[in-house]
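A.B. asks: So the protein sequences, as listed, match chains A and B. Under numbering that gives the first Met the number 0, the first residue of the first sequence carries the number 0, and numbering increases by one thereafter. Under numbering that gives the first Met the number 0, the first residue of the second sequence carries the number 0, and numbering increases by one thereafter. Glycine residues also receive a C-beta, built at the ideal position from the N, C-alpha and C atoms. Since this is a predicted model, take the numbers as computed values, not measurements. Right, I'll just put the structure down here and ask away after.
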Amino acid sequence: MHVIDDDASWRRSVQRLLAAAGYRVALHESAEAFLASAELDAPACILLDMRMPGLTGLQLQQHLLERRQEIPIVFISGHGDIPSTVLAMKSGAETFLTKPVDTEVLLAAIEQAMLHSREFRDRRGQLDALQTRVDTLTPTERKVFAMVVRGTLNKRIAVELGTAERTVKWHRQHIMQKLQAGSLAELVSLAERLDLVGDRDPL
Amino acid sequence: MVGRCGTLRDPPAQQLAVKSKTSLGLAVAFAAIVLPSALCVAAGNAAVEPPREGVLIIHSNQRPTPGQVIIDDGLRAAVAQELNRPVSLFSEYLDAEWTSLENYGLAQAEFLRNKYATRNIRVIVTNALPAFRYQMEFRDRMFPGVPVVYLGVAADRMYGTALPLDVVGVLEDLDPTSTLQLALRLHPGTQRVALIRGAGELDRGWDTRIRRAVEQLDASLQIEYLSGLPTAEVLRRVRALPPHTVVFTPGYFVDGAGEISTPRASAERIARASAVPVYGAFETQIGAGIVGGYMSLYEDEAKQAGTMIVSLMNGVAPAKLETTVAKRSTMVDWRQIQRWDVDEQRLADDTVVRFREPSTLEKYRIQVSVAMTVLLLQGATIVWLLMERRRRRMAEAESQKRFSEVAHMNRRVAMGGLTASIAHELNQPLGAIHNNAGAAQLLLKTDPSRLDEVEEILEDIKHDDKRASEILARIRRMLRKTDLEVGALDLSDAMRETQKLLAYDAQTHGVSVKLEPERGLPKVWADSVQVQQVLLNLALNSMEAMQGQPAETRHLTIRSRLSNAKEAEVSVIDSGSGIPAQILPQVFDPFVTSKVGGMGLGLSISRTIVEAFGGRMRAESMPKGGAAVHFTLPFEPGRQS
């Protein structure tokens with residue numbers, strides 16, 4: 000649990016509360032300090048002050064989004080104004096709290112954020128495993144895989160690759176084996192989860 | 000025509016005489032021409048008005064006798080006032096004290112007849128008995144048929160006297176009874192009365208009157224007559240008079256030694272010598288040392304006689320005029336009243352009091368009234384000035400109250416703009432307190448043994464609570480509507496407080512606020528809330544001025560330094576766009592602003608505050624950009640750098 004706030008007294012009080020609630024708490028007096036020191040391997044979330052000298056809470060949120068750091072952020076502010084609240088929520092903030100915050104509300108928000116963090120982490124773990132399997136495909140198998148999940152017929156693939164239809168079928172069997180997919184449907188679902196179906200060229 | 004004839008009457012007559020010698024024919028010829036002229040001359044002479052009408056006043060005594068002077072003046076005044084045509088009044092004095100009319104009355108009558116033959120005497124006035132007698136004896140020789148008006152004659156002398164119809168007049172009542180009663184009333188306890196008369200004919204006439212008056216007095220009184228004595232003897236006797244005596248004297252014209260005097264002069268000598276109060280018979284003796292008496296009023300007598308003269312001159316028949324008596328009145332000399340210690344209450348209300356020492360107010364009436372007027376005006380001016388001062392003070396108080404309200408409004412507006420900052424700042428400690436309390440609850444629930452940690456938490460809660468209180472106090476100080484509390488103020492404290500108030504807002508606006516207080520600066524003499532208000536106004540202005548520029552260039556500096564031996568100077572300097580040149584001269588005027596939506600009151604109020612503490616405020620655009628507002632504040636009295 001990362002707490003980023005410029006008010007020392009507030010940081011200490013949150014640390015006490017969260018520690019009592021069983022979290023491991025890391026305190027940072029600014030966004031810059033957080034970025035410099037934080038290890039983001041374990042499931043974690045950020046309790047982030049909106050306004051701080053230097054990088055503000057919203058700026059840090061944008062920064063993490065750009066880096067695809069999926070870490071739930073609970074915003075907290077001494078005096079929230081509507082425009083910045085809206086902006087924070089649009090950018091995927093977990094929730095938005097104002098000081099002083101009720102203990103139960105704070106703990107509930109953090110618990111929720113932690114849950115999300117774990118889910119992010121699990122999903123990312125699964126995706127990572129899938130990606131590892133995708134990575135074992137040969138370049139030709141990747142091309143075939145991309146065309147298969149987009150619903151291209153074997154005959155068409157063979158024409159595209161300048162090879163025989165039988166060779167394509169053989170590639171498909173290897174792909175199914177390597178990606179541990181039992182059916183075409185499973186293969187498509189896998190590709191979707193890895194976000195390989197759209198315009199993006201995963202290969 | 001008559002006038003012209005008159006002017007020609009002499010020369011033609013002369014001519015006629017001359018010509019008659021030369022030629023009868025010529026004379027005849029001339030006569031034909033001149034005769035009418037000569038006739039004209041004769042007619043002219045007859046037509047010429049007689050000389051102005053005359054009135055001859057014959058006084059009995061020598062000229063300076065005081066009574067005569069008053070009578071003479073009174074007659075002239077009365078006639079001149081009542082007769083509406085010019086008249087000549089002549090006065091003659093018979094000096095009856097020392098002349099014998101038996102011897103030379105006839106010669107005098109001749110003399111007077113000749114003297115006044117051409118004076119068209121219409122009325123003869125005689126003053127006092129000798130003149131009256133003289134006139135009665137010689138009138139046929141002097142002014143036959145001219146009516147006579149007499150005055151100054153004692154009534155008792157006229158009783159039984161048959162007068163011609165054309166002789167009328169004013170009598171004097173000389174009865175001394177009232178005078179003696181007055182003396183006895185004013186001097187209670189009087190046992191003796193001394194009565195003094197002279198040796199002249201008129202003087203001797205008093206015997207009858209005095210005797211009659213004495214008869215009416217209390218028989219127990221001792222009466223002493225000092226009659227016909229030489230003055231020296233009279234004076235010797237009056238000097239020796241025992242107490243409880245009063246003196247009465249009509250004065251005299253001639254004393255026992257044949258020495259001539261006047262009633263006034265003789266009474267004066269007697270009064271001066273006397274050991275006891277002296278009373279007199281004539282108005283003229285008042286002021287000569289006598290206490291007073293019941294006296295005929297000469298002015299009234301003259302006035303009555305004057306009226307008679309005028310009536311006669313206006314053709315009223317003498318027989319139609321009635322004999323009158325001069326008015327009498329009790330008269331006293333105030334100085335004698337004082338001298339003889341007479342009880343003022345004993346004086347009748349109608350008493351004529353002469354020579355009353357005027358009181359200071361009476362004596363200096365004009366000066367006193369001028370002084371009183373001046374005093375009143377001064378008083379009125381003072382009252383007016385006091386009222387003006389009060390009104391001015393009230394107006395000043397009112398104006399101060401108004402400004403105080405405006406200043407308060409300005410603080411409220413400024414603080415209103417800082418609401419977000421205030422809420423944020425206040426919520427930090429409140430949030431921390433809440434967290435700490437929650438942590439403590441959790442700790443106690445899970446592991447009640449960790450009391451040392453709970454104690455730590457409570458310590459932090461107390462700390463944050465204090466922090467919150469301080470913030471609130473700071474806000475309340477700014478929002479409170481209080482009277483000025485001028486006192487010694489550390490400028491760096493005021494600057495720090497302002498920075499705290501501004502901190503969050505500055506952060507929001509991306510402005511860095513830097514304080515540069517000069518070390519060792521003496522305290523200034525001002526109200527801390529208002530000085531913070533000034534700093535806040537200036538800083539908020541600056542922060543707004545810098546909104547349009549990149550965040551990293553927004554700098555605000557609040558600096559204090561020594562201005563001179565008596566003052567400190569505080570400057571609020573920003574890195575904004577500066578003050579537009581066209582509004583720089585009026586930047587402190589109300590409602591002058593370069594801000595959109597600004598009232599333009601902040602700077603105006605700030606300057607008024609600074610000036611109220613005896614400081615000055617000026618603004619300038621900095622050469623390298625940005626604006627600076629400087630103001631001075633005087634050091635604490637007695638503390639100079």
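Which residues, in order along the stretch 77-90 of chain A, keep a beta-carbon less than 8 Å from a beta-carbon of chain B?
C.D. replies: Here the close residues are Gly77, His78, Asp80.
A.B. asks: Determine, using beta carbons only, whether Thr445/B comes closer than 8 Å to chain A.
C.D. replies: Counting from 1 along the second sequence, the entry for residue 445/B is found at position 446. It does; some Cβ of chain A falls within 8 Å.
A.B. asks: Is DSSP giving Thr244/B helix, strand or coil here?
C.D. replies: Within the second sequence, the letter at position 245 stands for residue 244/B. Three-state DSSP puts Thr244/B in a strand.
A.B. asks: Are the beta-carbon atoms of Thr84/A and Phe95/A separated by less than 8 Å?
C.D. replies: Translated into the one-based positions of the first sequence, residue 84/A becomes position 85. Translated into the one-based positions of the first sequence, residue 95/A becomes position 96. The answer is yes: Cβ separation under 8 Å.
A.B. asks: Using a cut-off of 8 Å between C-beta atoms, extract the partners of Pro71/A located in chain B.
C.D. replies: If you number the first sequence from 1, residue 71/A lands on position 72. Chain B residues near Pro71/A: none, gap ~20 Å exceeds 8 Å.
A.B. asks: I'd like to check one pair, Gln581/B with Trp9/A: are the Cβ atoms closer than 8 Å?
C.D. replies: Along the first sequence, one-based indexing puts residue 9/A at 10. Along the second sequence, one-based indexing puts residue 581/B at 582. Not in contact: Trp9/A and Gln581/B (Cβ atoms no closer than 8 Å).
A.B. asks: Do you know offhand how far Leu17/A's Cα is from Leu429/B's?
C.D. replies: By 1-based counting over the first sequence, the position of residue 17/A is 18. By 1-based counting over the second sequence, the position of residue 429/B is 430. About 17 Å.
A.B. asks: In chain order, what residues of the same chain have a beta carbon less than 7 Å from the beta carbon of Glu452/B, not counting five sequence neighbours either side?
C.D. replies: Translated into positions along the second sequence, residue 452/B becomes position 453. Once the five neighbours on either side are set aside, the close Cβ partners of Glu452/B are Leu442.
A.B. asks: According to the Cβ coordinates, are Lys522/B and Asp489/B closer than 8 Å?
C.D. replies: Sequence index remark: in the second sequence, residue 522/B carries index 523 (1-based). Sequence index remark: in the second sequence, residue 489/B carries index 490 (1-based). Yes, the pair counts as a contact, with Cβ atoms nearer than the cut-off.
A.B. asks: Taking the Cβ atom as the reference point for each residue, do Lys565/B and Phe612/B lie within a distance shorter than 8 Å?
C.D. replies: Indexing the second sequence from 1 puts residue 565/B at position 566. Indexing the second sequence from 1 puts residue 612/B at position 613. No. Outside cutoff.
A.B. asks: Please report how far the alpha carbon of Leu114/A lies from the alpha carbon of Ala107/A, in whole angstroms.
C.D. replies: Here residue 114/A refers to the residue found at position 115 when the first sequence is read from its first residue. Here residue 107/A refers to the residue found at position 108 when the first sequence is read from its first residue. So the alpha carbons of these two residues sit roughly 10 Å apart.
A.B. asks: By a C-beta neighbour count over all protein chains shown, 10 Å radius and 16 as the cutoff for buried, is Gln176/A buried or exposed?
C.D. replies: Sequence index remark: in the first sequence, residue 176/A carries index 177 (1-based). The residue in question, Gln176/A, is exposed, as its Cβ has fewer than 16 Cβ neighbours within 10 Å.
A.B. asks: Counting beta carbon pairs with one atom in the stretch 282-297 of chain B and one in the stretch 322-329 of chain B, are three or more of them shorter than 8 Å?
C.D. replies: Taking 8 Å as the limit for Cβ pairs, the verdict is that the stretch 282-297 of chain B does touch the stretch 322-329 of chain B.
A.B. asks: By the DSSP assignment, the alpha helix (DSSP H) with Gln60/A in it spans what residues?
C.D. replies: Sequence index remark: in the first sequence, residue 60/A carries index 61 (1-based). First-last of the alpha helix (DSSP H) with Gln60/A: 56-65.
A.B. asks: In the DSSP assignment, the beta strand (DSSP E) including Ile3/A goes from what residue to what residue?
C.D. replies: Residue 3/A sits at position 4 when you count from the first residue of the first sequence. Its beta strand (DSSP E) spans residues 1-3.
A.B. asks: Within 8 Å of any Cβ in chain A, is that where the Cβ of Pro549/B sits?
C.D. replies: Residue 549/B sits at position 550 when you count from the first residue of the second sequence. False, the Cβ-Cβ gap to chain A never drops below 8 Å.
A.B. asks: In three-state terms, what does DSSP make of Ser188/A?
C.D. replies: Start at 1 with the first residue of the first sequence, and residue 188/A comes out as number 189. DSSP places Ser188/A in helix when its eight states are reduced to three.
A.B. asks: When you compare each of Arg155/A, Ala112/A, Gln130/A to Glu69/A by their alpha carbons, which one comes out closest?
C.D. replies: Indexing the first sequence from 1 puts residue 69/A at position 70. Among Arg155/A, Ala112/A, Gln130/A, the Cα nearest to that of Glu69/A belongs to Ala112/A.
A.B. asks: In terms of residue numbering, what span does the alpha helix (DSSP H) encompassing Met51/A cover?
C.D. replies: The count along the first sequence starts at 1 and reaches residue 51/A at position 52. Unbroken run through Met51/A: none, as it is neither H nor E.
A.B. asks: Against chain A, does Gly596/B count as a neighbour if the rule is that its beta carbon must be under 8 Å from one of theirs?
C.D. replies: Numbered from its first residue, the second sequence carries residue 596/B at position 597. At Gly596/B the pLDDT is 49, less than 50, meaning the model places this residue with poor confidence; the figure from the coordinates comes in the next sentence. So no, Gly596/B is outside the interface.
A.B. asks: For the stretch 9-34 of chain A, which residues have a CB atom closer than 7 Å to at least one CB atom of chain B, in sequence order?
C.D. replies: Listed in sequence order: Trp9, Arg11, Ser12, Val13, Arg15, Leu16, Ala19, Ala20.
A.B. asks: Can you find a C-beta in chain B that's less than 8 Å from the C-beta of Thr102/A?
C.D. replies: Mapped onto the first sequence, residue 102/A falls at position 103. Closer than 8 Å to some Cβ of chain B, the Cβ of Thr102/A qualifies, so yes.
A.B. asks: Please identify the residue among Leu55/B, Gly199/B, Thr176/B, Pro146/B whose C-alpha is closest to the C-alpha of Ile259/B.
C.D. replies: Position 260 of the second sequence, counted from the start, is the residue given in the question as residue 259/B. Out of Leu55/B, Gly199/B, Thr176/B, Pro146/B, Gly199/B has the C-alpha closest to the C-alpha of Ile259/B.
A.B. asks: Give a yes or no on whether the C-beta atoms belonging to Leu225/B and Leu194/B are separated by under 8 Å.
C.D. replies: Along the second sequence, one-based indexing puts residue 225/B at 226. Along the second sequence, one-based indexing puts residue 194/B at 195. For Leu225/B and Leu194/B, yes; Cβs fall inside 8 Å.
A.B. asks: May I have the straight-line CA-CA distance separating Ser368/B from Glu356/B, to the nearest angstrom?
C.D. replies: Along the second sequence, one-based indexing puts residue 368/B at 369. Along the second sequence, one-based indexing puts residue 356/B at 357. Roughly 19 Å between the two C-alpha positions.
A.B. asks: Round the Cβ separation of Ala406/B and Ile608/B to the nearest angstrom and send it over; I've been treating them as touching at under 8 Å.
C.D. replies: For the purposes of this step, residue 406/B is taken as the residue at position 407 of the second sequence. For the purposes of this step, residue 608/B is taken as the residue at position 609 of the second sequence. Going by Cβ atoms, the distance from Ala406/B to Ile608/B rounds to 7 Å, so yes, they are a contact pair.
A.B. asks: In chain order, which continuous runs of the alpha helix (DSSP H) of length 4 or greater are located wholly inside the stretch 171-258 of chain B?
C.D. replies: You should have 176-185, 200-203, 205-214, 230-238.
A.B. asks: Count the other C-beta atoms from every protein chain shown that fall within 10 angstroms of the C-beta of Ala153/B, then say buried if there are 16 or more, exposed otherwise.
C.D. replies: The count along the second sequence starts at 1 and reaches residue 153/B at position 154. Buried, because 16 or more other Cβ atoms sit within 10 Å of the Cβ of Ala153/B.
A.B. asks: Can you have a look at Gly197/B and say buried or exposed, based on whether 16 or more other CB atoms are within 10 angstroms of its CB?
C.D. replies: For the purposes of this step, residue 197/B is taken as residue 198 along the second sequence, with counting starting at 1. Gly197/B comes out buried.
A.B. asks: Can you find the residues in the same chain that come closer than 6 Å, C-beta to C-beta, to Glu52/B, ignoring five residues on each side of it along the sequence?
C.D. replies: Residue numbering aside, residue 52/B sits at position 53 when the second sequence is read from its first letter. Once the five neighbours on either side are set aside, the close Cβ partners of Glu52/B are Val86, Asn119, Arg121.
A.B. asks: Give the DSSP-derived three-state secondary structure of Ala394/B in the structure shown.
C.D. replies: Position 395 of the second sequence holds residue 394/B. Here Ala394/B sits in helix by DSSP.
A.B. asks: Closest Cβ-Cβ distance between Pro99/A and chain B: below 8 Å?
C.D. replies: Looking up residue 99/A in the first sequence gives position 100. Chain B contact via Cβ: present.
A.B. asks: What residue does the alpha helix (DSSP H) around Pro82/A start on, and which one ends it?
C.D. replies: What you label residue 82/A is simply residue 83 of the first sequence in a count that begins at 1. Per DSSP, Pro82/A belongs to the alpha helix (DSSP H) from 81-89.
A.B. asks: Starting from Pro52/A, find everything on chain B with Cβ-Cβ shorter than 7 Å and list it in chain order.
C.D. replies: Here residue 52/A is taken as the residue at index 53 of the first sequence, counted from 1. Within 7 Å Cβ-Cβ: Gln506.
A.B. asks: For Ser76/A and Asp127/A, I'd like the C-alpha separation in whole angstroms.
C.D. replies: Here residue 76/A refers to the residue found at position 77 of the first sequence. Here residue 127/A refers to the residue found at position 128 of the first sequence. For Ser76/A and Asp127/A, the distance between alpha carbons rounds to 35 Å.
A.B. asks: Would you be able to state if there are at least three C-beta pairs under 8 Å between the stretch 533-552 of chain B and the stretch 493-503 of chain B?
C.D. replies: Enough Cβ pairs lie closer than 8 Å, so yes.
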